[in-house]
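Number of protein chains: 2
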Amino acid sequence: MTNSNTNKEIPYKIYLEENEMPKQWYNVRADMKNKPAPLLNPGTGQPLKAEELTPIFCEELVAQELDDDTAYFDIPDEILSFYKMYRPSPLVRAYCLEEKLQTSAKIYYKFEGNNTSGSHKLNSAIAQAYYAKKQGLKGVTTETGAGQWGTALSMACAYLGLDCKVFMVKVSYEQKPFRREVMRTYGASVTPSPSDTTAIGRKILEEFPGTSGSLGCAISEAVEVATQNEGYRYVLGSVLNQVLLHQSIIGLEAKAAADKYGVKFDTIIGCAGGGSNLGGLISPFMGQKLRGEADYEIIAVEPVSCPSFTRGKFAYDFCDTGMICPLAKMYTLGSSYIPPSDHAGGLRFHGMSSILSQLYHDGFMTARAVKQTEVFAAAEEFARCEGILPAPESSHAIKVAMDEAIKCRETGEEKTILFGLTGTGYFDLKGYEQFNNGELRDYVPTDEELEKGFATLPKV
Amino acid sequence: MTNSNTNKEIPYKIYLEENEMPKQWYNVRADMKNKPAPLLNPGTGQPLKAEELTPIFCEELVAQELDDDTAYFDIPDEILSFYKMYRPSPLVRAYCLEEKLQTSAKIYYKFEGNNTSGSHKLNSAIAQAYYAKKQGLKGVTTETGAGQWGTALSMACAYLGLDCKVFMVKVSYEQKPFRREVMRTYGASVTPSPSDTTAIGRKILEEFPGTSGSLGCAISEAVEVATQNEGYRYVLGSVLNQVLLHQSIIGLEAKAAADKYGVKFDTIIGCAGGGSNLGGLISPFMGQKLRGEADYEIIAVEPVSCPSFTRGKFAYDFCDTGMICPLAKMYTLGSSYIPPSDHAGGLRFHGMSSILSQLYHDGFMTARAVKQTEVFAAAEEFARCEGILPAPESSHAIKVAMDEAIKCRETGEEKTILFGLTGTGYFDLKGYEQFNNGELRDYVPTDEELEKGFATLPKV
């Protein structure tokens with residue numbers, strides 16, 4: 014592979030000027046020949062119409078969700094103003110990591126952790142809160158895993174003066190007690206899930222007493238509360254098409270920064286839970302690939318404990334454990350699959366974005382599953398030379414980026430790698446503590462365990 | 014007061030380009046007519062010579078410490094490279110806070126929290142670690158309060174491959190358990206202070222059983238370990254002249270960014286514990302003031318629980334509780350004063366930088382003491398509109414900046430305010446939790462309590 018970078022000196026961090034920031038989101042669906050399959054009504058098995066979705070989601074977000082054709086959406090001024098408080102995010106050249114690995118590869122990362130939510134989640138949180146406010150709603154409900162999405166939504170709601178009710182997966186609620194306080198400081202209410210405050214929560218607790226929860230459970234509870242309270246809607250931090258649309262700001266900024274310095278990526282790597290970061294990061298590059306304008310090797314990285322891409326089935330499934338949400342066609346482990354209580358945090362979701370699932374199915378990207386022990390080892394190595402303490406989720410991408418760079422060291426290949434550093438690990442110190450104490454274990458589900466999840470896939 | 018800002022549109026965040034970053038530190042002592050008083054040998058009462066300091070401190074740092082005349086010091090290339098990993102830090106225009114306060118003031122803050130240590134401390138940590146490495150040492154010892162300095166030093170030592178031994182004030186060790194894990198992830202050893210691992214620690218524990226510790230105690234322990242282990246030296250994150258020199262990068266960048274956009278500050282506000290942030294922030298502006306080139310209102314903000322400037326004495330005193338360190342002339346509450354276990358964190362130090370003490374004594378700046386309940390209220394208000402969750406230390410400056418902006422709203426004055434936002438509060442959630450639960454109390458020492466501290470001032 015030839016390296017097409019120019020000789021222009023690349024700074025450690027490329028910051029776009031505020032006037033260079035993207036003013037539109039990019040919808041990769043517009044360039045997909047095989048569109049992602051539509052959401053289905055679980056009762057009728059028919060594609061959902063907008064009017065069936067608006068009791069759950071905000072109206073403009075429903076329109077974005079269902080639009081497979083419009084390539085660009087203007088970002089409203091109010092959202093652009095909010096973005097300017099923490100964006101543009103830097104595109105960082107990992108000079109120190111390159112030197113430590115003695116690699117011939119050039120490594121870049123797009124760092125989304127420089128905001129109080131600690132991750133990229135704020136990009137969609139402010140958009141969803143903005144449309145809720147615009148619709149005149151009182152508030153929104155949501156679920157959160159590691160707490161990044163919940164924090165992001167709390168921040169957005171505080172800024173706009175909306176009420177915010179967060180259901181937090183119980184294992185994370187217990188592992189990350191201070192996350193709750195950040196959300197409370199921003200005025201949100203936070204309930205560990207499953208809880209006895211909802212009918213679906215009580216049902217799950219009865220069926221699985223002592224469960225540590227899952228994103229799927231928490232979604233069910235949040236949807237129940239949104240649909241049963243006047244003036245509330247449910248918002249979701251990943252998986253949905255609208256979220257990938259908002260998150261395209263990551264890839265658009267990365268591409269603009271790279272173009273400014275004549276940098277051309279060969280390989281793009283992102284961690285994948287529901288797909289919000291990966292989808293956002295790769296969107297404009299995937300667009301080029303789909304239009305035949307450029308080629309990129311695109312790698313999704315997921316935890317071995319929750320391997321939707323690498324061991325899941327491409328099928329219609331519920332997005333939630335309670336089976337009250339619409340059906341999405343995606344790579345899934347079955348909505349009843351509850352991953353072990355490891356530190357994969359926000360990657361512990363049984364399914365995957367329909368957009369990414371279709372692209373993966375059509376061969377436009379590959380996927381790898383990695384173990385948490387090797388993920389934390391990569392995180393520590395990265396932190397010690399690049400300074401930033403990464404989130405465990407992001408460290409999945411670091412691990413594979415380092416693997417690729419080490420391969421280059423061995424082959425002499427001069428590849429240019431971009432990975433998404435989605436966030437910081439400041440609230441994930443329980444995981445680091447266990448790693449520091451040598452107490453972390455890996456958990457690889459058996460085929461039998463996965464079969465149990467697949468057995469609950471709906472017949473469509 | 015006239016506002017001299019130009020009409021050029023000011024972005025939310027001004028980032029200098031890497032090639033615009035300062036390449037020299039500025040030594041404000043060079044422009045002081047009344048130099049800060051020299052450090053004294055507590056045994057002889059005579060000014061300390063370099064050779065008396067080198068058993069404790071690194072050689073080049075001693076030279077910087079004692080140099081009252083050189084105005085500019087070149088920043089070594091290796092340190093500039095490290096700075097580029099997290100600097101330049103943004104100068105932020107607080108548009109949202111201005112709108113929320115409906116003030117005629119313009120508010121700017123220099124945000125130093127966008128790095129894993131969460132504060133400005135990294136600016137001096139990398140410098141001190143660099144000179145230790147250059148001298149061929151094995152490692153360094155230090156104390157830390159809230160943990161920001163200890164984390165910063167751990168990061169710098171990990172980067173350079175130096176051993177790092179941290180004594181952490183016990184109250185913070187207990188309030189901020191995850192700080193310990195960050196430092197351990199960067200390879201440091203962390204001991205709660207006072208500990209039974211040192212002679213001075215055992216003596217303090219005997220005299221004050223159950224004490225929650227103080228920076229003064231932790232300094233004594235770290236110095237003891239440095240002087241009794243071959244190849245180790247002690248490094249300090251605040252108070253010293255060398256630290257203010259390194260931290261001048263904050264003010265120099267702020268000034269360069271402001272100059273670039275034609276912004277002229279009227280009032281400059283910083284929190285003050287030992288003085289590292291305040292000294293660094295104000296250095297180049299104070300230089301202009303001392304040279305008669307410009308005038309600024311400069312305000313130090315300290316906690317009512319540890320009011321060195323506002324209620325202390327300007328006298329020679331020990332920097333440490335164990336009374337083994339040199340004597341510095343400074344505003345002090347007495348080295349035996351142990352402030353209450355509130356959340357002022359890194360501001361809980363009995364003394365103050367000699368440079369700042371002299372400048373305060375000579376009328377070049379003023380000081381205010383604020384209560385932690387009002388500090389957390391200001392922090393919450395700031396977080397909800399500006400997004401960033403601030404450190405409690407930094408929030409002291411926020412509180413006074415807001416007070417000043419509210420005064421402008423009442424008078425219509427169009428003042429331009431700069432304050433130092435030294436760090437983030439991600440590891441201070443125990444304090445926020447108590448605030449959220451309405452459990453925070455204020456503690457104002459009585460005159461009698463202060464008299465006890467003054468009684469231990471050495472006779473010089």
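Chains as they are written, first to last, in my numbering: chain A, 14 to 473; chain H, 14 to 473. Note that the Cβ used here is the ideal one computed from N, Cα and C, for glycine as well.
Buried or exposed by the 16-neighbour rule on C-beta atoms within 10 Å, applied to residue i
| i | result |
| --- | --- |
| G32 of chain H | Position check: residue 32 of chain H holds Asn in this sequence, whereas Gly was assumed. That one is exposed. |
| Q188 of chain H | buried |
| R361 of chain H | buried |
| A219 of chain H | Residue identity differs from the one stated: residue 219 of chain H is Glu in this sequence, not Ala. By the 10 Å Cβ count, E219 of chain H comes out exposed. |
| Q115 of chain A | exposed |
| K119 of chain A | buried |
| Q59 of chain A | exposed |
| T19 of chain H | The predicted model places T19 of chain H with a pLDDT of 41, which falls under 50 and marks its position as unreliable; any figure quoted below should be read in that light. Flag for T19 of chain H reads exposed. |
| G359 of chain A | buried |
| P35 of chain A | buried |
| R42 of chain H | buried |
| Q6 of chain A | The structure shown does not extend to residue 6 of chain A, since chain A spans only 14 to 473, so no value can be given for it. |
| D333 of chain H | buried |
| G275 of chain H | exposed |
Pick from the options that is closest to residue i, judged by C-alpha positions
| i | options | result |
| --- | --- | --- |
| K183 of chain A | A:V276, A:E461, A:A390, A:D355 | A:D355 |
| Q77 of chain A | A:P51, A:K97, A:F95 | A:P51 |
| P316 of chain H | H:M181, H:A410, H:A235, H:Y25 | H:A410 |
| K147 of chain A | A:D455, A:A285, A:G444, A:Y245 | A:Y245 |
| Q447 of chain A | A:P24, A:P405, A:R381, A:Q255 | A:P405 |
| Y344 of chain A | A:N127, A:I351, A:L369 | A:L369 |
| T67 of chain A | A:A138, A:D460, A:P339 | A:P339 |
| G131 of chain A | A:R106, A:A159, A:G149, A:L150 | A:A159 |
| Y108 of chain H | H:E462, H:C398, H:S94 | H:C398 |
| D82 of chain H | H:F70, H:N47, H:Y439, H:P320 | H:N47 |
| L291 of chain A | A:E194, A:M365, A:F440, A:A169 | A:M365 |
| K129 of chain A | A:K151, A:E194, A:L110, A:G400 | According to the sequence displayed, residue 129 of chain A carries Thr and not Lys. Minimum Cα distance to T129 of chain A is reached at A:E194. |
| E30 of chain A | A:D90, A:S102, A:D44 | A:S102 |
| K97 of chain A | A:A84, A:E266, A:R192 | A:E266 |
| V238 of chain A | A:G283, A:I337, A:R100, A:S167 | A:I337 |
Under 7 Å from the C-beta of residue i: neighbouring residues of chain H
| i | result |
| --- | --- |
| M299 of chain A | Ordered by position in chain H, no residue passes the 7 Å Cβ test against M299 of chain A, which lies about 29 Å from the chain. |
| Y143 of chain A | Chain H residues near Y143 of chain A: none, gap ~15 Å exceeds 7 Å. |
| E446 of chain A | E194 |
| I401 of chain A | T129 |
| M168 of chain A | G400 |
Same chain, Cβ closer than 6 Å to residue i, neighbours up to 5 away in sequence not counted
| i | result |
| --- | --- |
| S408 of chain A | V388, A391, A392 |
| G12 of chain A | There is simply no residue 12 of chain A to check, as chain A begins at 14 and stops at 473 in what is shown. |
| I6 of chain A | For chain A, the structure presents residues 14 to 473; residue 6 of chain A sits outside this window and is missing. |
| F180 of chain H | E156, T204, S206, A231, E234, A235 |
| L470 of chain A | A328, D330, G347 |
| C421 of chain A | T116, S117, A118, K428 |
| S17 of chain A | Because the pLDDT of S17 of chain A is 39, which lies under 50, any placement of that residue in the model is unreliable, and the number read from its coordinates should be weighed accordingly. K277. |
| G425 of chain H | S117 |
| A140 of chain H | I92, H259 |
| C71 of chain A | Y144, A145, Q148, R246 |
| L372 of chain H | M378 |
Residues near residue i in its chain [Cβ-Cβ closer than 7 Å; skip 5 each side]
| i | result |
| --- | --- |
| T210 of chain A | T204 |
| I351 of chain A | T224, S227 |
Closer than 6 Å: residue i CB and nearest the ligand FMN heavy atom
| i | result |
| --- | --- |
| L453 of chain A | No copy of the ligand FMN appears in this structure; indeed no ligand is present at all. |
Listed by chain order, chain A residues near residue i by CB distance under 8 Å
| i | result |
| --- | --- |
| M365 of chain H | Within chain A, no residue comes near M365 of chain H; the closest Cβ sits about 30 Å away, beyond 8 Å. |
| E393 of chain H | T198 |
Residue i: contacting residues in chain H (beta-carbon distance under 8 Å)
| i | result |
| --- | --- |
| P1 of chain A | Outside the shown range of chain A (14 to 473) lies residue 1 of chain A, about which nothing can therefore be said. |
| C332 of chain A | The premise fails here: C332 of chain A is roughly 29 Å from chain H at the closest Cβ pair, so nothing lies under 8 Å. |
| C109 of chain A | M98, Y172 |
Neighbour list for residue i in chain H, Cβ cutoff strictly below 9 Å
| i | result |
| --- | --- |
| P24 of chain A | E30, E31, N32, K97 |
| Y439 of chain A | T129, G131, F191, V195, T437, Y439, F440 |
| C71 of chain A | Chain H residues near C71 of chain A: none, gap ~22 Å exceeds 9 Å. |
Amino acids of chain A, ordered along the chain, whose beta-carbon sits closer than 7 Å to that of residue i
| i | result |
| --- | --- |
| A171 of chain H | R397 |
| Y199 of chain H | A396, R397 |
(request) Evaluate contact between the region 197-207 of chain A and the region 254-266 of chain A, counting only Cβ atoms and requiring at least three cross-stretch pairs below 8 Å. (result) no
(request) Pair every Cβ in the region 71-86 of chain A with every Cβ in the region 123-137 of chain A, then say whether three or more of these pairs are closer than 8 Å. (result) no
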